[in-house]
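Report on the structure given below.
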Amino acid sequence: MDFAQVFKALGDETRLRILNLFLQSGERICVCEIVDALLLPQYKISKSLTMMKHAGLMVSSQKGTWVSYQPNPEATPCMKDLFRIIQNHFKGRYPEDLQRLRDRLALRENGVCVIGFASKGKKCNS
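Quick note: the sequence shown uses my numbering, first residue 824, plus one each step.
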């Protein structure tokens, strides 16, 4: 584990907000669902997720055009400690983000994202 890369990935409010969504919801989340929850452009979300993935914090899977992410289930003990610290520290922060995510997750069919960017009516292809 490259500590500098991990802390660099965590050294941005957007990336912390993204990680907070995962840690508070416990869900695997599609890029377009994060876009709608945080009300930020897709390119910014994708760039942030890529940086966190390269640091080993996140893993992704793709099914067709849908790319979803989750915190790395094989994270090192140190990363798991960081996840717990962030989860506890951010609990109760950014309640609007979490509410928008809950609203967005309610649009899933059989637990899967199917509509793309709800806020823009576009299909998710990130």
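All residues carry an ideal CB built from backbone N, CA and C; glycine is no exception.
Where residue i sits in the DSSP three-state scheme
i: K914; result: coil
i: I852; result: strand
i: S949; result: Residue confidence for S949 is low, a pLDDT of 44 falling below 50, so the modelled location carries little weight and cannot support an answer.
i: E932; result: strand
i: P894; result: strand
i: Q922; result: helix
Chain C within 8 angstroms of residue i, Cβ atoms only
i: R907; result: This model lacks chain C altogether; it includes just one protein chain.
Option nearest residue i by Cα separation, candidates the options
i: G849; options: E932, P900 and K914; result: K914
i: Q893; options: R907, K876, K886 and G939; result: K876
i: M902; options: L842, T837 and V858; result: L842
i: S891; options: D825, E856, R838 and L930; result: E856
i: V937; options: C853, K831 and F845; result: C853
i: F830; options: S869, R925, D926 and A878; result: A878
Environment of residue i [buried if 16+ CB atoms lie within 10 Å]
i: D920; result: buried
i: N933; result: exposed
i: A827; result: exposed
i: Q922; result: exposed
i: S949; result: Note that S949 scores a pLDDT of 44, beneath 50, so its modelled location is shaky and nothing firm can be said.
N- and C-terminal bounds of the alpha helix (DSSP H) containing residue i
i: V829; result: F826 to L833
| task | Could I get the ranges of all uninterrupted beta strand (DSSP E) runs contained in the stretch 838-886, with 3 residues as the minimum, in chain order? | result | 881-886
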